[in-house]
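K.L.:
Every letter in the sequence shown is one number past the one before it in full-length UniProt numbering, and letter 72, counting from 1, is 72. Ideal placement from N, C-alpha and C gives every residue a C-beta, glycine not left out.
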Amino acid sequence: DNKSAIALCCNNVQHSRSKHIDIRYFIKEQVENGAIELYFFNTEYQLADLFTKSLGRDRIESLINKLGMRSFTPESLKQLTNEVDE
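#1: Taking C-alpha atoms, which residue in Lys66, Thr81, Leu67 lies nearest to Ser73?
#2: If you pair each beta-carbon of the stretch 29 to 49 with each one of the stretch 60 to 67, do three or more pairs fall below 8 Å?
#3: Would you report the Cα separation of Leu77 and Asp85, rounded to the nearest angstrom?
#4: To which residues of the same chain is Ile50 closer than 6 Å at the C-beta, ignoring the five residues directly before and after it?
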């Protein structure tokens, strides 16, 4: 009934439109084989949010700390640069 779905099924070429389907089945297969385990993480522990979402300053600082990263002010960066040059 759906010509696009039929075309995707009959064409062996990888398309960006169907890539998510391949990934989903790959992950499902790996879980079934015991190669990987999937876990739920509450939003408080979603460290990737730092790179994918617009966040407030407090949330950014919290995630930076959890990732073991450091946040520098322009002044502290200048000081570090001067120490390296010396």
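P.N.:
In terms of the structure at hand:
#1: Looking at the sequence provided, one finds Thr at residue 73 rather than Ser. Of the candidates Lys66, Thr81, Leu67, the one whose C-alpha sits nearest the C-alpha of Thr73 is Thr81.
#2: yes
#3: A direct Cα-to-Cα measurement between Leu77 and Asp85 gives close to 12 Å.
#4: The question names Ile, yet the displayed sequence has Leu at residue 50. Hits under 6 Å: Leu63.
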